[in-house]
Structure formats: structure tokens, C-alpha cells
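Q: Every position in the sequence shown, counted from 1, becomes a number in the numbering used here once 7 is added.
Just so you know, even glycine gets a beta-carbon here, dropped at the ideal spot from N, CA and C.
Since the structure is predicted, the reported quantities are computational estimates derived from the model, not experimental observations.
I'd like to ask some things about the structure below.
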Amino acid sequence: SYFAISLFFQGSVLILARAYFAKSDTIRPTLFSIFSLLSAWIFAKTISEPAGMGVAGLALAFSVGSMINATLLWLGSGLPLRQILRDSNNHSNFLPIIVCSFIAVIAAIGIRSIFDLFWVSLPGTRTNVQLLITLLTGFVVSGGVYLALASVFNLEQWQLIKDRKNSIEK
């Protein structure tokens, strides 16, 4: 579960690093990554064995390193925090995106729980096909929930999809 903390930051690092690369700046992201790697290594050495956390300590250290890397890349880019909170039309998207994502995750967890009950009622052990069906159904349902909520909140992503759909129909 400690590893899951870093997923957002890992994605952010990829996007932010590309912004630097687009400006032909490869030195700063490299230095930030080296610093983050060293920080994660020191943190791992500090908490894995001495604190008795073992593999969980490694996952937590990796998450801390990812957080440091994403934060350094963001701060080094000079982009204002306002850019995350509001879109180009000064429309607040940040909180609605968080809410939509949270509800979509709850839908995916619900699908998994329903399918787990269904698969348990069948004789035999769980197969890879059953896992794939559960995963694909969860993806479709949670994606549909997110898109429905994006249309309700009129998020920028929904506006892009709606505009593209209208341009294809013409």
C-alpha cells in the first residue's frame, strides 16, 4: 500500500520531465532525479532494516523519492500552482476531477467485490480469464462513471471530447 502513494507522483514526473525536454533542458531533470534517488536510498537505508519495515520500507522510500522528484520538477518549472487549480477559462477543475476520480475508483472496487462474490460461487479456482473479465468490466464501468460525472461537472476533458465528437459529426 505504500507503493500506491507514489503512483500520482510517478505520472507527474513523466509529464513534468517532458516539459523540460521540450525546452531542451535535460540537466535540471537529471539533477533532480539524482537527488531524489539519493534521498530515497538514504530513506530506505534508514527505515527498512533499522525500523524493521523490510519491503514496506522500500516501497515507502520509493514513494518519498517520487514525491521529492515531482515537487522539484514542479518548483523548477516556474509554473504557478494556480495552473493546476484552474483551467484556461478560469474554471475550477481540480476538486471536481478529484471527486470524479474518487467515485470512479469506488465503482471499480464495487465491480471487483461483485465479481469476487460471483467467482467464489463457481466451482474451481480463479482463472486468469476471470481476472481479465473482472479487470475489463471494472475499467469500462469506472471509465463510464468518470465520463458521466465529467459531463455533469462540465470538466475541461469532457468539453474536449464533446467538441471532438461535434467536429466528427460535421
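#1: Tell me the DSSP secondary structure of Ser-73 in three-state form.
#2: Would you mind giving the Cβ-Cβ distance between Ala-66 and Tyr-27, rounded to the nearest angstrom? I have them listed as a contact below 8 Å.
#3: Comparing C-alpha positions only, which one of Ala-11, Val-159, Gly-83, Lys-52 sits nearest to Thr-37?
#4: Can you say whether Ala-68 is buried or exposed, counting buried as having 16 or more other CB atoms within 10 angstroms of its CB?
#5: Run through DSSP, which three-state label would Ser-43 get?
#6: Note down the Cα distance separating Glu-163 from Ala-115, rounded to an integer number of angstroms.
#7: Given a cut-off of 8 Å on the beta-carbon distance, is the pair Val-20 and Ala-77 in contact?
A: Result, derived from the coordinates:
#1: Helix.
#2: That pair is no contact at about 27 Å.
#3: Taking only the C-alpha atoms, the option nearest Thr-37 is Gly-83.
#4: The residue in question, Ala-68, is buried, as its Cβ has 16 or more Cβ neighbours within 10 Å.
#5: Residue state, collapsed to three classes: helix.
#6: Taking the straight line joining both Cα atoms gives about 23 Å.
#7: In contact: Val-20 and Ala-77 (Cβ atoms closer than 8 Å).
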